[in-house]
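Novice:
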Amino acid sequence: IKIAKALDEFGVDCIELTSPCASEQSRLDCEAICKLGLKAKILTHVRCHMDDVKVAVETGVDGVDVVIGTSSFLREHSHGKDMTYIKNAAIEVIEFVKSKGLEIRFSSEDSFRSDLVDLLSLYAAVDKVGVNRVGIADTVGCASPRQVYDLVRTLRGVVSCDIECHFHNDSGCAIANAYCALEAGATHIDTSVIGIGERNGITPLGGLMARMIVADRDYVKGKYDLHKLKAIEDLVADSVEINIPFNNYITGFSAFTHKAGIHAKAILANPSTYEIIDPADFGMKRYVHFASRLTGWNAIKSRVEQLGLAMTDAQVKLCTAKIKALADVRPIAIDDADSIIRTFHGNLHKENEDPLLPNMTEEEKKKFEQKQRELNGVTEKRELEDQADKEAEVPQAKKTKTEAGA
């Protein structure tokens, strides 16, 4: 119930529930959620079979989503029915649900391994009897974006009803396929929170939002309460006892983290240089990770200013070199990095310097000294190269006069 309410507040159009025929608890859950009075339509997903549909319409749902396998694999090894049976069963179910005043979606299963002629003939038949939506399902996750676009575009020319699409992520194309389906004329996309589903799951809600906001920011911000996305994902993750991936779309802890020195400098000047999505749109924050060997002095300078410390650029560069050296010795947390910066700043005014990182082992101290020597050597080499480059740029005539004077 908490998840259903959260999805409704986020702004999803439909919430599809487990088949009430799956278990007694599933039926009770369906009935309870239907009584919440949510803005989203409440649908349930059942087999294309009259026994299931009769149970579904009694739960109080706004609509019924029915599915049946149409590929040769499923017709032979799952239900064992031919296309004539499938078409007749679909028409019977659709007419029954419509007679109850409910909406209905008919979907083929394993659509992309089904015969195209059979598929289009079936969809045309159900469209004629008034189905609200037809569904395409990439049940095994085998489809490519080009295949999706071609099939949806073809289907759009055959039926007048809405088109719903369902993509599994076995081959990593679920989000791309969903977006291509919309470009080709699909009207509905099945998603799940964090992409949870059979095997590798389906198109994740957050991932689709990421793709959509890049395409049409104003529309997405106007339709969905994007700031609620992280709370929904946390709720679902806690409920099913899983962790949200560190690199998850939008909400992963590294989604808006910048580490490389070149990136950090540009991000501090203009976030759009390395961010196509504004984290603020989702109530998230960017983080410039400066406690690493990859950090650049511009990131450290920004942090020094945030800490309210006064340092020259030369001092910041020296502090950066020490942080890089320490990061090569052992992992540095952000609190450690702040402590190093403060200690370095304090040492500028002391005769006897305090250790930058307390509790270092003797072995770590030796490694730190070695890393500092290596970094100093690299710095000296770069300075010599820079000097050589500057000298090479001096005009020959000017060089000759200077040398003659000397």
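Residues in the sequence shown are numbered consecutively from 1, following UniProt numbering.
Beta carbons: idealized from backbone N, C-alpha and C, even for Gly.
All figures in this text were calculated on a predicted structure; none of them were measured in a lab.
Measuring alpha carbon to alpha carbon, tell me which residue in G63, K367, A22, R105 is nearest D328.
Specialist: Working through the sequence shown from its first residue, we reach residue 328 at position 328. Ranking G63, K367, A22, R105 by Cα distance to D328 puts K367 first.
Novice: Rounding to the nearest angstrom, what Cα-Cα distance links D338 and A215 in this structure?
Specialist: Taking the sequence shown and counting its residues from 1, one reaches residue 338 at position 338. Taking the sequence shown and counting its residues from 1, one reaches residue 215 at position 215. About 39 Å.
Novice: Does the contact criterion of 3 or more C-beta pairs under 8 Å hold for the stretch 306 to 318 versus the stretch 278 to 294?
Specialist: With a cut-off of 8 Å, the stretch 278 to 294 and the stretch 306 to 318 do not count as touching, because too few Cβ pairs lie within range.
Novice: Opposite Y287 in the DSSP bridges: which residues?
Specialist: Numbered from its first residue, the sequence shown carries residue 287 at position 287. Y287 pairs with T257.
Novice: From V67 to V236, what distance separates their C-alpha atoms?
Specialist: Sequence index remark: in the sequence shown, residue 67 carries index 67 (1-based). Sequence index remark: in the sequence shown, residue 236 carries index 236 (1-based). Spanning the two alpha carbons is a distance of roughly 26 Å.
Novice: Is DSSP giving S111 helix, strand or coil here?
Specialist: Walking along the sequence shown from the start, residue 111 turns up at place 111. Residue state, collapsed to three classes: helix.
Novice: Which class does R330 belong to by DSSP, given the choice of helix, strand or coil?
Specialist: Here the question's residue 330 lines up with position 330 in the sequence shown. In this structure, R330 counts as coil in the three-state DSSP scheme.
Novice: With distances taken from CA atoms, which of P279, I242, V240, S272 is nearest F256?
Specialist: As a position in the sequence shown, residue 256 is number 256, starting the count at 1. The shortest C-alpha separation from F256 is found at P279.
Novice: Buried or exposed for K381, going by 16 or more other Cβ atoms inside 10 Å?
Specialist: Here the question's residue 381 lines up with position 381 in the sequence shown. Below a pLDDT of 50, predicted positions are generally treated as unreliable, and K381, at 49, falls in that range; no measurement from the model is reported.
Novice: Restricting to Cα atoms, I'd like to know which of E198, M209, M83 is closest to A176.
Specialist: Locating residue 176 in the sequence shown gives position 176, counting from the first residue. Taking only the C-alpha atoms, the option nearest A176 is M209.
Novice: Jot down the residue ranges of each uninterrupted alpha helix (DSSP H) in the stretch 113 to 150, minimum 4 residues, whole runs only, in chain order.
Specialist: Taking only runs of at least 4 residues, the alpha helix (DSSP H) segments lying wholly in the stretch 113 to 150 are 116 to 128.
Novice: Note the first and the last residue of the continuous beta strand (DSSP E) segment covering L43.
Specialist: Residue numbering aside, residue 43 sits at position 43 when the sequence shown is read from its first letter. Residues 41 to 47.
Novice: Whole angstroms is fine: what's the gap from L226's alpha carbon to D218's?
Specialist: For the purposes of this step, residue 226 is taken as residue 226 along the sequence shown, with counting starting at 1. For the purposes of this step, residue 218 is taken as residue 218 along the sequence shown, with counting starting at 1. Taking the straight line joining both Cα atoms gives about 12 Å.
Novice: Please list, in chain order, all residues of the same chain as S171 whose beta carbon is under 7 Å from its beta carbon, the five residues on each side excluded.
Specialist: On the sequence shown, residue 171 is found 171 positions in, with the first residue counted as 1. The answer, listed in chain order, is G141, C142.
Novice: In its own chain, which residues sit with a C-beta less than 7 Å from the C-beta of F253, not counting the 5 before and 5 after it?
Specialist: Translated into the one-based positions of the sequence shown, residue 253 becomes position 253. F246.
Novice: Cα-Cα, which of V148, C165, S239 is closest to K2?
Specialist: The sequence position of residue 2 within the sequence shown is 2, counting from 1. It is S239.
Novice: Apart from the five residues on each side of it in sequence, which residues of its chain come closer than 8 Å, Cβ to Cβ, to K41?
Specialist: Stepping through the sequence shown from its first residue, residue 41 is reached at position 41. For K41, where only same-chain residues beyond five positions count, the Cβ hits under 8 Å are D13, C14, I15, D62, G63, E103.
Novice: Extract the residue ranges of the alpha helix (DSSP H) inside the stretch 160 to 222, only unbroken runs of 4 or more that lie entirely within it.
Specialist: 174 to 184, 205 to 215, all fully within the stretch 160 to 222.
Novice: Is the separation between the beta-carbon of V53 and that of K87 shorter than 9 Å?
Specialist: The sequence position of residue 53 within the sequence shown is 53, counting from 1. The sequence position of residue 87 within the sequence shown is 87, counting from 1. No, the pair does not count as a contact, with Cβ atoms beyond the cut-off.
Novice: Determine the DSSP secondary structure at K381, reduced to helix, strand or coil.
Specialist: Counting from one through the sequence shown, the residue named residue 381 turns up at place 381. Confidence at K381 is low in this model, with a pLDDT of 49, below 50, so its placement is unreliable and no value can be given for it.
Novice: Out of curiosity, what's the CA-to-CA distance linking I323 and I340?
Specialist: For the purposes of this step, residue 323 is taken as the residue at position 323 of the sequence shown. For the purposes of this step, residue 340 is taken as the residue at position 340 of the sequence shown. Answer to the nearest angstrom: the Cα atoms are 7 Å apart.
Novice: For V66, write down the residues that DSSP places opposite it in a beta bridge.
Specialist: As a first step, residue 66 must be located in the sequence shown, where it is residue number 66. For V66, which the question treats as bridged, DSSP gives the partners V46, F106.
Novice: Whose C-beta lies closer than 8 Å to the C-beta of A333 among residues of the same chain, with five residues either side of it excluded?
Specialist: As a first step, residue 333 must be located in the sequence shown, where it is residue number 333. So the list reads A291, once near-sequence residues are dropped.
Novice: Is the CB-CB distance between K371 and A325 below 9 Å?
Specialist: Residue 371 sits at position 371 when you count from the first residue of the sequence shown. Residue 325 sits at position 325 when you count from the first residue of the sequence shown. Cβ atoms of K371 and A325: closer than 9 Å.
Novice: Can R330 and E362 be called in contact, C-beta distance under 9 Å?
Specialist: On the sequence shown, residue 330 is found 330 positions in, with the first residue counted as 1. On the sequence shown, residue 362 is found 362 positions in, with the first residue counted as 1. No, the Cβ-Cβ distance between R330 and E362 is not below 9 Å.
Novice: Compare the Cα-Cα distances from A186 to each of V220, D118, V134, D138 and report the closest residue.
Specialist: Walking along the sequence shown from the start, residue 186 turns up at place 186. It is V134.
Novice: Since L7 and L43 are thought to touch, with beta carbons under 8 Å apart, how far apart are those beta carbons, to the nearest angstrom?
Specialist: Taking the sequence shown and counting its residues from 1, the one referred to as residue 7 is at position 7. Taking the sequence shown and counting its residues from 1, the one referred to as residue 43 is at position 43. At roughly 12 Å, the Cβ-Cβ gap does not stay under 8 Å, so L7 and L43 are not in contact.
Novice: With H, G and I counted as helix, E and B as strand and the rest as coil, what does DSSP make of L235?
Specialist: Here residue 235 refers to the residue found at position 235 of the sequence shown. Helix.
Novice: Let me know the alpha helix (DSSP H) ranges lying completely inside the stretch 318 to 372, each 4 residues or longer, listed in chain order.
Specialist: You should have 334 to 347.
Novice: Put L38 into one of helix, strand or coil per three-state DSSP.
Specialist: Locating residue 38 in the sequence shown gives position 38, where the first residue counts as 1. Coil.
Novice: Let me make sure I understand the geometry here. Which of R199, L155, E198, G201 has the alpha-carbon closest to that of L182?
Specialist: Counting from one through the sequence shown, the residue named residue 182 turns up at place 182. Checked all of R199, L155, E198, G201; the closest Cα to L182 is L155.
Novice: Can you give me the Cβ contacts of E369 inside the same chain, cut-off strictly under 6 Å, excluding the 5 residues immediately before and after it?
Specialist: One-based indexing of the sequence shown puts residue 369 at position 369. Counting only Cβ-Cβ distances below 6 Å, and skipping sequence neighbours, we find nothing.
Novice: Mark K401 as exposed unless 16 or more other C-beta atoms lie within 10 angstroms of its C-beta, in which case mark it buried.
Specialist: As a position in the sequence shown, residue 401 is number 401, starting the count at 1. Below a pLDDT of 50, predicted positions are generally treated as unreliable, and K401, at 45, falls in that range; no measurement from the model is reported.
Novice: CB-CB under 7 Å to N200, same chain, minus the five flanking residues each way: which ones, in chain order?
Specialist: Position 200 of the sequence shown, counted from the start, is the residue given in the question as residue 200. G141, H168, N169, D170.
Novice: Assuming E16 is part of the beta strand (DSSP E), what are its boundary residues?
Specialist: For the purposes of this step, residue 16 is taken as the residue at position 16 of the sequence shown. First-last of the beta strand (DSSP E) with E16: 14 to 17.
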